[in-house]
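Since the structure comes first, as C-alpha cells, the remarks are kept for the end.
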Amino acid sequence: MPNCTSCRQKCFTHLRSAQDFVNVGDNIAYAAAPVGAYSQQRIIPAKIAVKIPEWISFKLAATLMTKGLTTNYLLTKTYKLKANETILFHAAAGGVGQIFAQWAKSIGAKVIGTVGSVSYTHLRAHETLRYLVCRLLL
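In terms of the working numbering, the sequence shown has 130 at position 22, counting the first letter as 1, and numbering is strictly consecutive.
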C-alpha cells in the first residue's frame with residue numbers, strides 16, 4: 109500500500125462506513141486471514157477489525173486476541189455452553205481460564221475452576237467462579 113494520506117483516508121472512510129468505531133490512525137488487531145500481520149500497513153475486511161484502546165499495549169492485545177479466540181472456540185465449537193449448565197475448567201487462574209470463566213458467567217453458566225495454588229483464591233472473590241478447587245501436588 110503506498111504511503112499516501114489520501115489513499116489511507118479513502119480506505120478508512122470505507123472502513124468507517126462498515127465499522128463506525130475505527131478512525132484514521134487507530135491501532136487495530138485482527139486474527140486469521142489475510143496473512144501479513146507483520147506489515148506496517150494492511151488492507152483487511154472491516155468486519156474483522158478490532159480497535160485496540162490506547163491503554164492496551166500491542167503485547168497485551170495480541171495475548172487477549174489469542175486467548176479470546178481460544179475461549180470462543182471452546183464455548184461455541186467444542187461444546188455450546190448454555191445457561192444454568194455447570195462446567196469444570198482446569199487451570200482457571202491462567203489467561204484462557206480467566207476469560208473463559210467471565211464469558212461462561214455472562215452466558216449464565218456456573219464454573220468450577222481448579223488452580224494450582226491457594227494464592228489464586230482471589231479469583232473466587234470476584235464471583236466469576238462458582239467454586240474454586242486447589243490442586244495440591246505432593
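Cβ coordinates follow ideal geometry from the N, Cα and C atoms, glycine included.
message: The alpha helix (DSSP H) that contains Thr171, what's its start and end?
response: Stepping through the sequence shown from its first residue, residue 171 is reached at position 63. Unbroken alpha helix (DSSP H) run through Thr171: 166–181.
query: How should Tyr228 be labelled, buried or exposed, when 16 other C-beta atoms within 10 angstroms of its C-beta is the threshold for buried?
result: The count along the sequence shown starts at 1 and reaches residue 228 at position 120. By the Cβ neighbour-count rule, Tyr228 is buried, with 16 or more other Cβ atoms within 10 Å of its own.
task: Alpha carbon to alpha carbon, how far is Ala201 from Leu168? Give it in angstroms, no decimals.
output: Counting from one through the sequence shown, the residue named residue 168 turns up at place 60. Counting from one through the sequence shown, the residue named residue 201 turns up at place 93. For the pair Leu168 and Ala201, the Cα-to-Cα distance works out to about 17 Å.
message: Output needed for Ile136: all residues of its chain with C-beta closer than 7 Å, excluding positions within five of it in sequence on either side, in chain order.
response: As a working mapping, residue 136 is identified with position 28 in the sequence shown. Around Ile136: Val130, Ala157, Val158, Lys159, Ile160.
query: On the three-state DSSP scale, how would you describe Gln215?
result: By 1-based counting over the sequence shown, the position of residue 215 is 107. This sequence places Ile at residue 215; Gln is not what is there. Here Ile215 sits in helix by DSSP.
- request: Could you check how far apart the C-beta atoms of Ala209 and Glu193 are, in whole angstroms? I think they sit under 8 Å.
  value: By one-based count along the sequence shown, residue 209 stands at place 101. By one-based count along the sequence shown, residue 193 stands at place 85. Your pair Ala209 and Glu193 does not check out as a contact, with CB atoms roughly 14 Å apart and the cut at 8 Å.
message: Could you check whether Val204 and Lys175 sit closer than 9 Å to each other, using their CB atoms as the reference points?
response: Indexing the sequence shown from 1 puts residue 175 at position 67. Indexing the sequence shown from 1 puts residue 204 at position 96. Cβ atoms of Lys175 and Val204: closer than 9 Å.
query: For Leu183 versus Trp163, is the C-beta distance shorter than 9 Å?
result: Translated into positions along the sequence shown, residue 183 becomes position 75. Translated into positions along the sequence shown, residue 163 becomes position 55. Not in contact: Leu183 and Trp163 (Cβ atoms no closer than 9 Å).
query: Among Val226, Ile151, Met173, Leu240, which has the Cα closest to the Cα of Ile195?
result: Indexing the sequence shown from 1 puts residue 195 at position 87. The candidate whose alpha carbon is nearest that of Ile195 is Leu240.
message: To the nearest angstrom, how far is the alpha carbon of Asp134 from that of Thr171?
response: Locating residue 134 in the sequence shown gives position 26, where the first residue counts as 1. Locating residue 171 in the sequence shown gives position 63, where the first residue counts as 1. The alpha-carbon separation between Asp134 and Thr171 amounts to approximately 19 Å.
task: Name, in chain order, the residues that DSSP records as bridge partners for Phe197.
output: Reading the sequence shown from its first residue, position 89 is the one you call residue 197. DSSP output for Phe197 lists Gly221 as bridge partner(s).
field: Anticipated Cβ contact below 8 Å, Cys242 with Ser214, distance rounded
entry: Numbered from 1 along the sequence shown, position 134 holds the residue referred to as residue 242. Numbered from 1 along the sequence shown, position 106 holds the residue referred to as residue 214. No, Cys242 and Ser214 are not in contact; Cβ-Cβ is about 25 Å, not under 8 Å.
message: Taking only three categories from DSSP, how would you classify Val241?
response: The sequence position of residue 241 within the sequence shown is 133, counting from 1. DSSP places Val241 in strand when its eight states are reduced to three.
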